[in-house]
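What follows is a single structure, written as structure tokens, with notes after it.
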Amino acid sequence: MSENQQTSQTLKLGPTLNGQVLFFFAARHDNNPQDEQFILLRKFWSEFIEATEGRKKIVFIEGVPRETPSVFDEAVKQRGEVGAGQNLAQTAGVPIQCPEPDDTQQRQSLSEKFDPDEVVYTLIVQNLGAWFRRTNPSTTFQEAIERTLKREANFSKIYGFTPDNKWLLEQHAKLFGSQNLEDRQFLDSITDPRTTKLKINKIVAARTQIRNDYILNNIQDAWSEGKSIFIVYGRGHATVLIPQLQNFINKKP
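Heads up: the sequence shown runs through residues 588 to 840, numbered per this note's numbering.
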């Protein structure tokens, strides 16, 4: 390897002898296009495009690629850093992929290890925690609950029941009594994968591990195919993935 560069938010690995590079942008989950990180992301992307001109490349984003606005700021408003990464890749004609297990795989794996009631509750509160991080969310908190319940109802065959509002209220009371659910600090604390204080934290940590293992395997596969890689992912994943990627790529010629 001729060059490795790392800052608090970015990592560059390469180029290797065959010219491959890996760029990792560790994002804060945010959908405000005026946030400084999106200026940095666009600059980082320009450096990647310049370094990989005429070479095979791929972009990995933290979310399934779907229709995204062609205007960068609108893509950020709609899908945060996921929309930003997809917009940049589409504009440059670079293939995009979400390197994660699909929703069914994640839920099946978690429900085999934990109580399905607690798995569903965990996935719902993770989503609600994300609602608080959005700038000017387009839905109310209750609408976010209903949308998340509707999504999880699609996996009722895995869970063995269909979650609804009544179930959520009962499950929340069972686990946390009279604690207000619409509380950002509470949601952040119970969905923090860095602690195993509560069962919910353990399930979040297990889900993060399942995702990280799958992500790493897909990155390694793409690298083995000779592709340069641009990754836009949340900082929580970056903390785990970056040391493993450095170890993997620095061993390659």
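Glycine included, C-beta positions come from ideal geometry on N, C-alpha and C.
Neighbourhood of residue i by C-beta, 7 Å cutoff - its chain only, sequence neighbours within 5 removed
i, result
"F835", "Q807"
"G821", "A614, H616 and E649"
"I829", "L598 and F611"
"A679", "I636"
"T782", "N788"
"L710", "E739"
"R642", "G606 and S815"
"P652", "Q673, I683 and C685"
Residue span of the alpha helix (DSSP H) that contains residue i, given as start and end
i, result
"K664", "F659 to A679"
"K789", "K786 to S811"
"S743", "S743 to Y746"
"E769", "From DSSP, E769 is part of no alpha helix (DSSP H); its letter is neither H nor E."
"N752", "N752 to F763"
"K737", "F728 to A740"
Residue i: first and last residue of the uninterrupted beta strand (DSSP E) it sits in
i, result
"S815", "S815 to G821"
"L598", "T597 to L600"
"L609", "L609 to A614"
"F635", "Looking at the DSSP string, F635 is not in any beta strand (DSSP E); the run it does join, the alpha helix (DSSP H), is E623 to A638."
"F647", "K644 to I648"
Nearest-angstrom beta carbon gap, residue j and residue i [assumed within contact, 8 Å]
i, j, result
"E705", "K786", "6 Å"
"S815", "K644", "4 Å"
"Q607", "W810", "7 Å"
"T778", "V712", "6 Å"
"Q684", "F659", "So it is not a contact: roughly 20 Å between Cβ atoms."
"T749", "S743", "4 Å"
"L832", "L609", "7 Å"
"L756", "A731", "The Cβ separation is near 15 Å, so there is no contact."
"E661", "F728", "Actually they do not touch by this definition, with Cβ atoms about 24 Å apart."
"P703", "G747", "6 Å"
Cut-off 6 Å between Cβ atoms - residues of its own chain near residue i, not counting five sequence neighbours on either side
i, result
"A792", "P780"
"Y708", "Q758"
"W632", "L675"
"F701", "I790"
"T923", "Outside the displayed span of the chain (588 to 840) sits residue 923, for which this structure offers no information."
"I818", "F611 and F647"
"A638", "V608"
"I745", "R694, Q695 and S698"
"V681", "K644 and V646"
"L762", "none"
Beta-carbon contacts of residue i that lie in its chain and below 8 Å, excluding the five residues immediately before and after
i, result
"E733", "N752"
"T798", "Inspection of the sequence shows that residue 798 is occupied by Arg rather than by Thr. Only E687, P688, Q693 and H824 meet the Cβ criterion."
"G813", "N605, Q607 and K643"
"Q624", "Q596, A614, R615, D617 and E668"
"T655", "A662, Q665, R666, G670, Q673, N674 and Q677"
"Q766", "H759 and F773"
"S657", "N674, Q677 and T678"
heavy atom of the ligand GDP below 7 Å from residue i C-beta
i, result
"Q758", "Among the components of this structure there are no ligands whatsoever, and the ligand GDP is therefore not found."
Any C-beta of chain B under 8 Å from that of residue i
i, result
"R642", "Included in the structure is just one protein chain, with no chain B present."
### Message
Taking contact to mean 3 or more Cβ pairs, one atom from each stretch, closer than 8 Å, check whether the stretch 678-695 and the stretch 737-746 are in contact.
### Response
The stretch 678-695 vs the stretch 737-746: in contact.
#### Entry: the stretch 796-803 / the stretch 594-611 touching (three or more Cβ pairs under 8 Å)
With the cut-off at 8 Å, the stretch 796-803 and the stretch 594-611 do not touch.
### Task
State whether the stretch 627-634 contacts the stretch 660-675, with contact taken as three or more CB pairs (one from each stretch) at a distance under 8 Å.
Cβ pair count under 8 Å is three or more, so yes.
### 4 or more residues per run - each alpha helix (DSSP H) lying fully within the stretch 677-706
Segments of the alpha helix (DSSP H) lying fully in the stretch 677-706: 690-700.
### Query
Can at least three beta-carbon pairs, one atom from the stretch 770-779 and one from the stretch 710-727, be found at a separation below 8 Å?
In this structure the stretch 770-779 touches the stretch 710-727; the number of beta carbon pairs closer than 8 Å is three or more.
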